[in-house]
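Taken in sequence, the protein lines are chains A and B. In terms of numbering that gives the first Met the number 0, the first sequence has 10 at position 11, counting the first letter as 1, and numbering is strictly consecutive. In terms of numbering that gives the first Met the number 0, the second sequence has 201 at position 202, counting the first letter as 1, and numbering is strictly consecutive. Think of the CB as a built atom: it goes at the ideal place given N, C-alpha and C, for glycine as much as any other residue. None of the values given here were measured: they were computed from a predicted structure.
Protein chains: 2
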Amino acid sequence: MTETVPRPTLEAVAARAGVSRATVSRVVNGADGVREPLAERVRRAVEELGYVPNQAARSLVTKRHDAIAVVVAEPETRVFADPFFARQLRGISKELTAHDNQLVLLLTEGRDDHARVARYLAGGHVDGALVFSLHLDDPLPELIQRAGVPTVFGGRPDWSGGKNGVVYVDSDNRGGARDAVRHLLGLGRSRVAHITGALDQTSAVDRLDGFRDVMVDADPRLVVEGDFTPAAGERAMRELLDRCPGLDAVFAANDLTAAGALRVLREHGRRVPDDVAVVGFDDMLPIAEQTDPPLTTVRQDIEEMGRLMARLLLRGLDRTADAPENVGGTPSSVILPTTLVRRASA
Amino acid sequence: MTETVPRPTLEAVAARAGVSRATVSRVVNGADGVREPLAERVRRAVEELGYVPNQAARSLVTKRHDAIAVVVAEPETRVFADPFFARQLRGISKELTAHDNQLVLLLTEGRDDHARVARYLAGGHVDGALVFSLHLDDPLPELIQRAGVPTVFGGRPDWSGGKNGVVYVDSDNRGGARDAVRHLLGLGRSRVAHITGALDQTSAVDRLDGFRDVMVDADPRLVVEGDFTPAAGERAMRELLDRCPGLDAVFAANDLTAAGALRVLREHGRRVPDDVAVVGFDDMLPIAEQTDPPLTTVRQDIEEMGRLMARLLLRGLDRTADAPENVGGTPSSVILPTTLVRRASA
DNA sequence: GCGGGGAGCGAGAGCGCTCTCGTCCCCCGC
DNA sequence: GCGGGGGACGAGAGCGCTCTCGCTCCCCGC
Chain A
0 MTETVPRPTL EAVAARAGVS RATVSRVVNG ADGVREPLAE RVRRAVEELG
50 YVPNQAARSL VTKRHDAIAV VVAEPETRVF ADPFFARQLR GISKELTAHD
100 NQLVLLLTEG RDDHARVARY LAGGHVDGAL VFSLHLDDPL PELIQRAGVP
150 TVFGGRPDWS GGKNGVVYVD SDNRGGARDA VRHLLGLGRS RVAHITGALD
200 QTSAVDRLDG FRDVMVDADP RLVVEGDFTP AAGERAMREL LDRCPGLDAV
250 FAANDLTAAG ALRVLREHGR RVPDDVAVVG FDDMLPIAEQ TDPPLTTVRQ
300 DIEEMGRLMA RLLLRGLDRT ADAPENVGGT PSSVILPTTL VRRASA
Chain B
0 MTETVPRPTL EAVAARAGVS RATVSRVVNG ADGVREPLAE RVRRAVEELG
50 YVPNQAARSL VTKRHDAIAV VVAEPETRVF ADPFFARQLR GISKELTAHD
100 NQLVLLLTEG RDDHARVARY LAGGHVDGAL VFSLHLDDPL PELIQRAGVP
150 TVFGGRPDWS GGKNGVVYVD SDNRGGARDA VRHLLGLGRS RVAHITGALD
200 QTSAVDRLDG FRDVMVDADP RLVVEGDFTP AAGERAMREL LDRCPGLDAV
250 FAANDLTAAG ALRVLREHGR RVPDDVAVVG FDDMLPIAEQ TDPPLTTVRQ
300 DIEEMGRLMA RLLLRGLDRT ADAPENVGGT PSSVILPTTL VRRASA
């Protein structure tokens, strides 16, 4: 492919501008203590030579990398079934870019990768990590925590209550679920069922808890376990119709599940929302809009979630002296609000 | 957050093992010329101290980074509407990981980002780049090409024919489209319509070309321009039904478009596939399976595409001496085959 | 038994940067 | 007018690694 041209060094710029390396360094890094005419001469030399600092040399001495790792554990699971991941990444990317940090993406698959990632993070190649781990029993968060890398988690890790110093950003799954169920009740429904997500993920557990918060003494048969897939939605819906033919509303743990449920309801001749109202979760597009009828669902601001994670992390590394809000102190976890999006299904 | 512990250096390992830095370096980098007992002693020292090489120091001298940039231009467009992006990334990630390369993700948005990305790539922070740019008029590929970074493109860049040395990986959009249309003809359909994708993308152009390859003298009114969205699918389908009520088949440029078309067909009381057969493109899950009826479509192996891009790039950097196939020589572009997935819609 | 050729290992330079000091000069105050 | 203080700049060390080069020692051949 292409030959690499030897790139100009600080030395070269210094020579051209007729100053010392130190001065060039000062100008390049925006430090003060260089008088304007000189600084200008340096800037011109930089421009003329097309000088770009060598990041490797720089980190060698500063021990900073201006790079953040984004660790996504077991992508096959849920992350890859929808554009969540991409949106979150976008939020993260925006925030990192704004503070001149690079995004190093680490996707893991299986246990050997855990070790690899842990080694990488412990290796001090990045200044911090944003970690998405969905499963309760995932050893990765522990490993990372132990690696001593500043970390912010995406979604509540299961042990977040116990350990101290764990910072995470999550949607208000529980509150969102409550809103969904209350909405159904507000529609005059009383026999509200719930199809859960994969209960080895905190988001599913929290949504179930939210459901129970409102439906305090619901018939336990109205809750069926799913796993966030359309297939599970179908199976669960069949089971529900079988067990409780009189149900008049369903709160599904996510939109995919809701889509499956919708199909079974139609198959059984139940009209939505007339006979059975359905609410999903995620507002996953284009699915939520494309179901028949379009899905009423709980939206979370995914991109903001990513952005916030990055911001919290950078703040912890005090990279964001410019951010006036919330300066100082160790950042703490954030729960983002959700909003109910009303479409036709409920 | 956490304090960084001073990590052991080569020097420390050398001291502990009672050898010189050079020897440790040799062992760590798997070079030969160190006798077994000594090598073993070094390995033990490495183990005991938990030594991890400082990548910055290493790249400073080797001028290698073992890092590849993945540039995704204008993610809002199509990439984020579906899980494509994630799958491609997964393929890329797997391949890079297998060769111990890091993945630096650069998402761009708007023109200023172009400059930023170009500067970054020109800055020699990475050894190569994988670039996804979907629009015909995107200046980014040019900029990158000029930055002198070895690059492999995802999807055929519009000017790929002209320029020499441009390497890309793409699906056989044209061939896939031909297969789709032939399948419809094989079903006994004769009035086959096509809803195109956004024609500022080569994939859409190629699919249209494939359609025309087979439907050589189709009524021009049977082709309506879309933009890969469900909304466009609906609009286009209405227009088609209006212009050519007698049509008996539709080839949509992608599954989203097909989903829109499906809805309009149902709305107009046309049975699918009895009255009108429909074929999509992408096999985008879960959409393709969730439509009513489930969509017959053209599948492309997205993950393989990513993996291949990475492999081509690494090969160009000769990082993959171990790959027996296709050794030596500049890599050239690859077109991946597609497969027709038969479901209920055609 | 002796010379020559490796192979195995160590010494040292240097990658391109930052940052601490030290030097110089300018400007101020008395 | 002179001393002192401070700001502007330069000199130099050193970050942790790789890699070339040279020394040593061992083994082989005649």
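8 angstroms contact criterion, which residue i and residue j should meet: CB distance rounded
i, j, result
"Pro140 of chain A", "Leu316 of chain A", "Actually they are not in contact, since the Cβ atoms of Pro140 of chain A and Leu316 of chain A sit about 19 angstroms apart, beyond 8 angstroms."
"Leu255 of chain B", "Thr228 of chain B", "6 angstroms"
"Val180 of chain B", "Val213 of chain B", "4 angstroms"
"Gly153 of chain A", "Val130 of chain A", "7 angstroms"
"Pro292 of chain B", "Ile286 of chain A", "Not confirmed; about 17 angstroms, so no contact."
"Ala192 of chain A", "Leu246 of chain A", "5 angstroms"
"Ala258 of chain B", "Gln289 of chain A", "6 angstroms"
"Val223 of chain B", "Leu207 of chain B", "The pair is not a contact, with the Cβ atoms about 11 angstroms apart (cut-off 8 angstroms)."
"Val168 of chain B", "Val333 of chain B", "5 angstroms"
"Asp157 of chain B", "Leu135 of chain B", "4 angstroms"
"Arg155 of chain A", "Glu302 of chain A", "In fact, because the Cβ distance is near 19 angstroms, the residues do not count as touching under 8 angstroms."
"Leu186 of chain B", "Ala276 of chain B", "6 angstroms"
"Leu102 of chain B", "Leu104 of chain A", "5 angstroms"
Partner residues on chain A for residue i, Cβ-Cβ distance less than 8 angstroms
i, result
"Leu88 of chain B", "Leu104 and Leu106"
"Gln200 of chain B", "Under the 8 angstroms cutoff, chain A gives no residues; its nearest Cβ is about 18 angstroms from Gln200 of chain B."
"Leu59 of chain B", "Asn53, Ala55, Ala56 and Leu59"
"Gly123 of chain B", "Thr3, Arg6, Val51 and Asn53"
Simplified DSSP state of residue i, which is helix, strand or coil
i, result
"Ala197 of chain A", "coil"
"Pro5 of chain B", "coil"
"Asp136 of chain B", "coil"
"Val18 of chain A", "coil"
"Ser170 of chain A", "strand"
"Gly153 of chain B", "strand"
"Pro323 of chain A", "Any answer about Pro323 of chain A is weak, because its pLDDT of 40 lies below 50 and its placement is not dependable; what the coordinates show is given next. Coil, per DSSP."
"Arg354 of chain B", "With chain B covering 0 to 345 only, the question about residue 354 of chain B has no answer from this structure."
"Asp38 of chain B", "The question names Asp, but residue 38 of chain B is Ala in the sequence shown. DSSP places Ala38 of chain B in helix when its eight states are reduced to three."
"Ala30 of chain B", "coil"
"Val340 of chain B", "strand"
"Gly49 of chain B", "coil"
"Leu335 of chain B", "strand"
"Asp178 of chain B", "helix"
"Met0 of chain A", "Residue confidence for Met0 of chain A is low, a pLDDT of 46 falling below 50, so the modelled location carries little weight; the figure read from the coordinates is stated next. The answer is coil: DSSP assigns Met0 of chain A none of H, G, I, E or B."
"Thr107 of chain B", "strand"
"Ala128 of chain A", "strand"
"Ala121 of chain B", "helix"
"Glu302 of chain B", "helix"
"Leu381 of chain A", "Since the first residue of chain A shown is 0 and the last is 345, residue 381 of chain A is not available in this structure."
"Val263 of chain B", "helix"
Where residue i meets chain A, residues with beta-carbon distance less than 7 angstroms
i, result
"Val33 of chain B", "What Val33 of chain B touches in chain A: nothing, since even the nearest Cβ is about 23 angstroms away."
"Ser332 of chain B", "Correct list: empty, because the minimum Cβ distance to chain A is about 13 angstroms."
Residue i CB to nearest heavy atom of the ligand ATP below 7 angstroms
i, result
"Val275 of chain B", "The ligand ATP is not part of this structure, which contains no ligands at all."
Closer than 8 angstroms at the beta carbon, the chain B residues around residue i
i, result
"Ser189 of chain A", "None at all; the shortest Cβ gap to chain B is about 30 angstroms."
Under 9 angstroms from the C-beta of residue i: neighbouring residues of chain B
i, result
"Ala14 of chain A", "Within 9 angstroms Cβ-Cβ: nothing; Ala14 of chain A doesn't reach chain B, min ~20 angstroms."
"Ala118 of chain A", "Sequence inspection shows Arg at residue 118 of chain A; the Ala mentioned does not correspond to that position. In chain order: Val51."
"Ser132 of chain A", "Near Ser132 of chain A there are no residues of chain B at all, since even the closest Cβ is about 16 angstroms away, more than 9 angstroms."
Partner residues on chain A for residue i, Cβ-Cβ distance less than 9 angstroms
i, result
"Phe84 of chain B", "Pro82, Phe84, Ala85 and Leu88"
"Ser344 of chain B", "Simply none; closest approach about 15 angstroms."
(message) With three or more beta-carbon pairs closer than 8 angstroms as the criterion, would you say the stretch 193 to 208 of chain A touches the stretch 11 to 25 of chain B?
(response) no
(request) Would you check if the stretch 97 to 111 of chain B and the stretch 29 to 37 of chain B touch, i.e. whether three or more CB-CB distances between them fall below 8 angstroms? (result) no
(message) Short of 8 angstroms Cβ to Cβ, which residues in the stretch 208 to 226 of chain A face chain B?
(response) none
(message) Measuring CB atoms only, is the stretch 264 to 282 of chain B touching the stretch 107 to 122 of chain B, in the sense that at least three cross pairs come out at less than 8 angstroms?
(response) no
(message) Beta carbons nearer than 9 angstroms to chain B: which residues of the stretch 288 to 300 of chain A have them?
(response) Glu288, Gln289, Thr290 and Asp291
(message) Residues of the stretch 15 to 26 of chain A in Cβ contact with chain B at a cutoff of 7 angstroms, in chain order, please.
(response) none
(request) Mind the definition here: the stretch 173 to 192 of chain B touches the stretch 209 to 226 of chain B only if three or more C-beta pairs lie below 8 angstroms; say whether that holds. (result) yes
(request) Count the CB pairs spanning the stretch 38 to 56 of chain B and the stretch 105 to 114 of chain B that are closer than 8 angstroms, and state whether there are at least three. (result) no
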